[in-house]
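Q: I am attaching a structure below and will ask some questions about it afterwards.
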Amino acid sequence: MRFLYMAERFWTLVNGHMYNVDMVAFDVPEFPEMPNLGFNASYVGLDDSELWIGMQFETIDQAKSAIKLYNIRKSVHSKVTRSTSEKYVCECTQRKEQGCNWKVRVSKKKRKQNIWELSVYNGPHTCCAVGHRQDHPNLDSTIISQTVQPIVQASPKVTVSTLMAHVKSVYQYEPEYKKTWRAKDKALKKLHGDWDASYNELPGWINIMQKYNPGTIAVLETKPYYKNDRVVADVRQFHRLFWTFPQCIHAFKNCKPIIQIDGTFLFGRYRHVLLLAVIQDGNRKTIPVAFALVPREDTDSCKFFLQNLRKHFFRHNTVCLISDRGSGFLSAIESLGSRFCSPKVEHRYCLRHIAANYHGRYKKDYERKLILRMGMFHSSS
Ligand SMILES: [Zn+2]
569 MRFLYMAERF
579 WTLVNGHMYN
589 VDMVAFDVPE
599 FPEMPNLGFN
609 ASYVGLDDSE
619 LWIGMQFETI
629 DQAKSAIKLY
639 NIRKSVHSKV
649 TRSTSEKYVC
659 ECTQRKEQGC
669 NWKVRVSKKK
679 RKQNIWELSV
689 YNGPHTCCAV
699 GHRQDHPNLD
709 STIISQTVQP
719 IVQASPKVTV
729 STLMAHVKSV
739 YQYEPEYKKT
749 WRAKDKALKK
759 LHGDWDASYN
769 ELPGWINIMQ
779 KYNPGTIAVL
789 ETKPYYKNDR
799 VVADVRQFHR
809 LFWTFPQCIH
819 AFKNCKPIIQ
829 IDGTFLFGRY
839 RHVLLLAVIQ
849 DGNRKTIPVA
859 FALVPREDTD
869 SCKFFLQNLR
879 KHFFRHNTVC
889 LISDRGSGFL
899 SAIESLGSRF
909 CSPKVEHRYC
919 LRHIAANYHG
929 RYKKDYERKL
939 ILRMGMFHSS
949 S
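For the sequence shown, my numbering gives the first residue as 569, with consecutive numbering after it.
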């Protein structure tokens with residue numbers, strides 16, 4: 569199995585580069601998932617081997633990658649002269665200037681479906697290598713995304729500059745920042761799906777959860793979709809979602825009658841806020857019990873979260889609700905009136921937030937600790 573052997577060698581090399589460049593920065597798994605380059609593409613990319621007639625590829629994209637990687641390695645440029653659903657042909661850009669007749673043709677095999685074969689090859693290049701400049705036209709965002717995918721998978725927050733350094737260590741060309749940014753975006757999409765597609769999967773996810781975990785609560789709200797100030801018929805847009813599980817509702821009955829609420833920003837294209845409710849058991853272990861994705865932490869969103877929380881968690885019992893002093897929750901609690909007042913709900917501020925805010929303003933650590941101790945003393949007395 570020559571291809572398999574070559575593929576293994578390729579990955580040893582890639583991982584070698586990865587560890588050399590950023591051994592400390594990445595928590596790379598021992599056997600990272602391989603990007604789908606295909607055996608041939610991988611093999612051609614990283615050593616001096618030639619392309620040969622009869623090489624096979626599972627998809628046309630694998631064939632394109634193999635040709636691009638070959639040209640990057642050889643520091644030569646080629647152009648696509650024909651691209652159809654059956655054939656893909658590339659020639660050297662120095663055909664006229666330097667008389668280089670390098671040419672490659674990949675054709676779809678007629679009898680075997682979905683197999684592409686290198687059917688014509690006139691090589692190697694006889695032109696002079698262009699030398700390592702800043703960038704190579706074949707080092708496009710597709711090739712870069714395939715190269716950096718294991719790194720992005722291990723560390724999604726990796727910086728674009730780190731990826732640029734990695735690409736340079738592999739190919740000796742330094743890709744542009746924008747191109748590498750696009751490549752990282754592509755790699756993330758391949759790993760985790762498109763942002764829009766993910767949101768589109770929400771209704772399906774809710775159905776599955778409710779089917780396989782009966783009692784799952786999900787309140788999904790959508791809104792009309794506008795394009796150029798006009799409502800698009802039959803299209804709805806995600807607005808907000810509250811969800812909790814029956815296990816969480818049941819757990820609360822066996823925990824302290826305390827619910828802590830807070831919000832955190834999401835990263836990614838859509839900057840929604842995740843609102844979260846956490847409870848505590850008798851061993852002071854916390855359990856996240858209710859969640860909401862909302863546009864922002866404002867009064868309306870916090871009301872949506874609190875009303876659903878009340879409905880499923882503290883309709884009958886008196887509970888202590890702990891929050892920070894964020895204006896969204898405070899005004900939501902105020903506007904909900906008697907349902908969120910004593911004796912039904914006792915609202916308290918989170919001591920840790922108060923101490924942190926005090927320290928942020930006065931920068932006195934000793935006094936911050938005093939505040940914590942005062943609060944602790946009060947609560948344990
Ligand atoms: Zn050439």
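Where is the CB? At the ideal position from N, CA and C, for every residue including glycine.
All of these numbers come straight from a predicted model, not from anything done at the bench.
#1: So Trp670 and His693 are in contact, right, with Cβ under 8 Å, and what is the actual spacing, rounded?
#2: For a minimum of 4 consecutive residues, which ranges assigned as the alpha helix (DSSP H) are wholly contained in the region 628-668?
#3: Considering only residues of the same chain and omitting the five flanking positions on each side of Ile640, which have a CB-CB separation below 8 Å?
#4: Expressed to the nearest angstrom, what Euclidean distance is found between the alpha-carbon atoms of Ser869 and Gly896?
#5: Please determine whether the Cβ atom of His704 lies at a distance below 7 Å from any heavy atom of ligand 1.
#6: Below 8 Å, how does it come out for the region 808-817 and the region 779-792: are there three or more Cβ pairs, yes or no?
#7: In three-state terms, what does DSSP make of Lys937?
#8: Assign His818 to one of two classes, buried (16 or more other C-beta atoms within 10 Å of its C-beta) or exposed (fewer than that).
#9: So does Cys660 have its beta carbon nearer than 7 Å to some heavy atom of ligand 1?
#10: Have a look at the DSSP bridge pairing and note the partners of Arg798.
#11: Would you list the residues sitting across from Asp830 in a DSSP beta bridge?
#12: Roughly how far, in whole angstroms, is the beta-carbon of Asn631 from the beta-carbon of Tyr656, given that I think they are within contact range, below 8 Å?
#13: Using the three-state DSSP reduction, which class does Gln702 fall into: helix, strand or coil?
#14: Among Met777, Arg650 and Pro825, which residue has its Cα nearest to the Cα of Cys888?
#15: Would you mind listing the beta strand (DSSP E) stretches within the region 677-731 that are 3+ residues and don't spill past its ends, in chain order?
#16: Tell me the DSSP secondary structure of Met591 in three-state form.
#17: Which residues in the same chain as Glu654 place their Cβ atom closer than 8 Å to its Cβ, once the five residues preceding and following it in sequence are excluded?
#18: For Ser903, report the span of its beta strand (DSSP E) as first-last.
A: Taking the definition as stated:
#1: 4 Å
#2: 628-642 and 663-666
#3: Gly613, His704, Asn706, Leu707, Ile711, Tyr739 and Tyr741
#4: 8 Å
#5: no
#6: yes
#7: helix
#8: exposed
#9: yes
#10: Lys795
#11: Leu844
#12: Correcting the residue type first, residue 631 is Ala in the shown sequence and not Asn. Sure, about 6 Å apart at Cβ, within 8 Å.
#13: coil
#14: Pro825
#15: 684-690
#16: The predicted position of Met591 is uncertain, since its pLDDT is 26 and thus under 50; no value can be drawn from it.
#17: Ser675 and Lys676
#18: It is not in any beta strand (DSSP E) - Ser903 instead sits in the alpha helix (DSSP H) that spans Ser895 to Ser903.
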